[in-house]
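Chemist: Please read through the structure below; I'll follow up with questions.
Protein chains: 2
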Amino acid sequence: MSSVVVESDVQLSLDSIRESLIRQEDTIVFSLIERAKFPLNSLAFEESSCLDSGNSSSLTEFFVREIETIQAKVGRYDNPEENPFFLDNIPQSVFPTHKYPQALYPKASSVNINKRLWDVYFKELLPSFVKPGDDGNYASTAASDLACLQAISRRIHYGKFVAEVKFSDAPHDYEPAICSKDTEALMKLLTFEKVEEMVKKRVEKKAETFGQEVKCVSGDDESEKNYKVDPSLVSRIYGEWLIPLTKDVEVEYLLRRLD
Amino acid sequence: MSSVVVESDVQLSLDSIRESLIRQEDTIVFSLIERAKFPLNSLAFEESSCLDSGNSSSLTEFFVREIETIQAKVGRYDNPEENPFFLDNIPQSVFPTHKYPQALYPKASSVNINKRLWDVYFKELLPSFVKPGDDGNYASTAASDLACLQAISRRIHYGKFVAEVKFSDAPHDYEPAICSKDTEALMKLLTFEKVEEMVKKRVEKKAETFGQEVKCVSGDDESEKNYKVDPSLVSRIYGEWLIPLTKDVEVEYLLRRLD
């Protein structure tokens, strides 16, 4: 069996992917800090009756579904880095759109683990870093949750690009495990504990840097630092959810890579 | 003429307002840094034909109009801190909403300078801090522009709260200028150059802190710092646009304060 080469007018490289993932960390840390302005506000994402449709949907789910439709109409999902949470059929863009280079294997578009991310986010990830309580700011909370979800989803599904470049660099390393659908072996091939530890350390430092209170006068008391989000929690969010989910995407992508 | 006391179940104080404005600086700096990931992408906000409606509207205007409608439906504009860019009639929320305390004089809702902000943002402010060029990422660019616009709009219109608390603290200082509609005198009463300089200095430092490249290993070369947005530009954005527009809102609010 020979490996299939993706026709690509863009040169994916591990360096450019690494650079993007590092920049995405800033976006994710910013979005977590912004979400932490509000308490949990669980009424927003728990099931409730929408007065409009009579359907039972949480405010946040209603919001995200509607926003994704608008975003599709301006071409968001033409970008292979973006994956919707709810759209089964993506509406056509109503504006002339950019033609993104095809860097991924065509089956890539069928890899989407946003349903799992949605559950993990609201059940585990979100309650881990926001304070409990309810301040009634549901609309702003939903917008903040969407920003977090989209930033995290982009990071996780970037695993497709990671997997593609790893596969292209050494197809013979991956082909046996792909053919035998050996998920465990693939996971082993994709795991670099030292790199993961470095990422966790770096995002902790980013949370310290971006979540500190910046004062005008330098020489302010450094001893009592108040962080907007506990930096060790951000490290944990990466270690427990973001890194493993990214690797799950990589495995899913590779399993389809020779179809 | 006696001053009218706003019935308020919330105690506005200069301290709480100051705290909110300082926290909003972080949000604004984050949003500028995120927008600077993309080049100007002016095709997104210049007039073009929408394929859907046949109407002539820019992609960004179409996007913001549609998103504001969705946000209204989940109650965003029930919050007196939020002011829409395009909605003349705000659609009813389709979910049970939070009742926000009435901290402002009822005429406050008629103060909205978002049209001016829109023009200033796309013509002057945005081109001042993003690189020229076009990478085709219009959907992400529009979402980033909306985040900037909403963060800046919130800050500017927070001038209503600033004006209310200043007025309530010393109504007799303001009444003569309000009665004679003396805009210049009001502007003088509201201007504290030392405070403005401090704000400009602080946001510059925030841009340095939040826009730096955070590396894992401490002791990295401090000499060549690459900022995602030039910190002096953020200071300029506050000095030239955000602070003056906030004061314009304060004046507009006060001019209606005795109606």
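Quick note, the sequences are listed as chains C and H, same order. For reference, each letter of the first sequence is one residue, going 905 to 1163 in the numbering used here. For reference, each letter of the second sequence is one residue, going 905 to 1163 in the numbering used here. Just so you know, even glycine gets a beta-carbon here, dropped at the ideal spot from N, CA and C.
For a test of the three-state rule: what should DSSP assign to C/S1084, helix, strand or coil?
Modeler: Looking at C/S1084 - three-state DSSP - the assignment turns out to be coil, as it is neither helix nor strand.
Chemist: Suppose the cutoff is 8 Å on Cβ atoms and the five residues either side in sequence are ignored; what does the same chain contact list for C/V908 look like?
Modeler: Confidence at C/V908 is low in this model, with a pLDDT of 43, below 50, so the placement of that residue is unreliable and no value is reported for it.
Chemist: Can H/A1074 and H/L1158 be called in contact, C-beta distance under 7 Å?
Modeler: No. Outside cutoff.
Chemist: Using a C-beta cutoff of 7 Å, does C/Q928 count as contacting chain H?
Modeler: Answer no: the Cβ-Cβ gap between C/Q928 and chain H never drops below 7 Å.
Chemist: Would you mind working out which of H/K1092, H/E970 and H/F990 sits nearest H/L1021, comparing C-alpha positions?
Modeler: For the residues H/K1092, H/E970 and H/F990, the minimum Cα distance to H/L1021 belongs to H/F990.
Chemist: Kindly say whether H/A940, judged by its beta-carbon, lies nearer than 7 Å to any beta-carbon of chain C.
Modeler: False, the Cβ-Cβ gap to chain C never drops below 7 Å.
Chemist: How far does the alpha helix (DSSP H) with H/K1151 in it reach, from first residue to last?
Modeler: Counting along the chain, the alpha helix (DSSP H) containing H/K1151 begins and ends at I1147 to L1159.
Chemist: Using a Cβ-Cβ cutoff of 8 Å, what residues of the region 1007-1027 of chain H are near chain C? List them in chain order.
Modeler: The residues in question: there are none.
Chemist: Identify, in the order they occur along the chain, each residue of the same chain with its Cβ nearer than 7 Å to the Cβ of C/A1051, setting aside the five sequence neighbours on each side.
Modeler: Counting only Cβ-Cβ distances below 7 Å, and skipping sequence neighbours, we find S935 and E938.
Chemist: For the region 1108-1120 of chain H, list every residue whose C-beta sits within 8 Å of some C-beta in chain C, in sequence order.
Modeler: Per Cβ criterion, the list reads K1109, K1110, T1113, F1114, Q1116, V1118, K1119 and C1120.
Chemist: Leaving out the 5 sequence neighbours to the left and right, which residues in its chain are closer than 7 Å to C/E1154 when beta-carbon positions are compared?
Modeler: Around C/E1154: G1063, V1066, A1067 and L1094.
Chemist: Where does H/Y981 sit, in a helix, a strand or coil, going by DSSP?
Modeler: The answer is helix: DSSP assigns H/Y981 an H, G or I state.
Chemist: Taking C/T973 as the reference, give the member of H/E929, H/K977, H/F967 and H/A976 with the closest Cα.
Modeler: Of the candidates H/E929, H/K977, H/F967 and H/A976, the one whose C-alpha sits nearest the C-alpha of C/T973 is H/F967.
Chemist: Mind checking which residues open and close the alpha helix (DSSP H) that includes H/C1052?
Modeler: Y1042 to H1061 is the extent of the alpha helix (DSSP H) around H/C1052.
Chemist: Check whether the Cβ atoms of H/R1129 and H/E929 lie closer than 7 Å to each other.
Modeler: The sequence shown places Lys at residue 1129 of chain H, rather than the Arg named in the question. Cβ atoms of H/K1129 and H/E929: not closer than 7 Å.
Chemist: Within the 7 Å Cβ cut-off, does C/E923 reach chain H?
Modeler: Not an interface residue.
Chemist: For the region 972-986 of chain C and the region 1105-1120 of chain C, state whether three or more C-beta atom pairs, one from each stretch, are separated by less than 8 Å.
Modeler: No, they do not touch.
Chemist: Starting from H/S935, trace the alpha helix (DSSP H) in both directions and tell me its first and last residue.
Modeler: Run containing H/S935: L918 to R939, per the alpha helix (DSSP H) assignment.
Chemist: Could you name the residues of chain H that C/K1105 contacts, counting a contact when the two beta carbons are closer than 7 Å?
Modeler: Neighbours of C/K1105 on chain H, chain order: C1120.
Chemist: Can you tell me whether C/L1090 is helix, strand or coil according to DSSP?
Modeler: Three-state DSSP puts C/L1090 in a helix.
Chemist: Between the beta-carbon of C/A948 and the beta-carbon of C/T1045, is there less than 7 Å?
Modeler: Their beta carbons are under 7 Å apart, which means C/A948 touches C/T1045 by this criterion.
Chemist: Closer than 8 Å is the cut-off here; do at least three beta carbon pairs connect the region 1142-1154 of chain H with the region 1011-1025 of chain H?
Modeler: Touching, per the Cβ criterion.
Chemist: H/A1043 and C/Q1006: beta carbons closer than 7 Å?
Modeler: Result no, Cβ atoms of H/A1043 and C/Q1006 do not sit closer than 7 Å.
Chemist: Spell out whether any CB of chain H is found under 7 Å from the CB atom of C/I971.
Modeler: Yes, C/I971 lies at the interface with chain H (some Cβ there is under 7 Å from its Cβ).
Chemist: Check C/D1031 in the structure and name its three-state DSSP category.
Modeler: According to the sequence as given, residue 1031 of chain C is Pro; it is not Asp. In the structure shown, C/P1031 sits in a helix (DSSP, three-state: H, G or I).
Chemist: Can you check whether the C-beta of H/H1002 is within less than 7 Å of a C-beta belonging to chain C?
Modeler: H/H1002 counts as touching chain C.
Chemist: Under the rule that 16 or more other beta-carbon atoms within 10 Å means buried, what is C/H1061, buried or exposed?
Modeler: Result: buried.
Chemist: For H/V1099, count neighbouring Cβ atoms within 10 angstroms of its own Cβ and tell me buried if that reaches 16, exposed if not.
Modeler: With fewer than 16 other Cβ atoms within 10 Å, it is exposed.
Chemist: Does the ligand FAD have a heavy atom nearer than 6 Å to the CB of H/Y1078?
Modeler: Ligands in the displayed structure: none, and consequently the ligand FAD is not present.
Chemist: Figure out for me which residue from C/N945, C/F1096, C/D1152 and C/K1151 has the closest Cα to the Cα of C/K1027.
Modeler: Minimum Cα distance to C/K1027 is reached at C/N945.
Chemist: Do the CB positions of C/V1138 and C/V1103 come within less than 7 Å of each other?
Modeler: No.
Chemist: Given this structure, state the Cα-to-Cα distance separating C/H1002 from C/S1136, to the nearest angstrom.
Modeler: Rounded to whole angstroms, C/H1002 to C/S1136 spans 40 Å at the Cα level.
Chemist: For H/E1108, report the span of its alpha helix (DSSP H) as first-last.
Modeler: Start and end: E1097 to F1114.
Chemist: To the nearest angstrom, report how far apart C/E951 and C/S962 are at their CA atoms.
Modeler: Cα to Cα, the separation comes out at about 4 Å.
Chemist: What three-state label does DSSP hand H/S997 in the structure shown?
Modeler: If DSSP states are grouped into helix, strand and coil, H/S997 belongs with coil.
Chemist: Please report the residue range of the alpha helix (DSSP H) in which H/I1141 lies.
Modeler: Per DSSP, H/I1141 belongs to the alpha helix (DSSP H) from P1135 to I1141.
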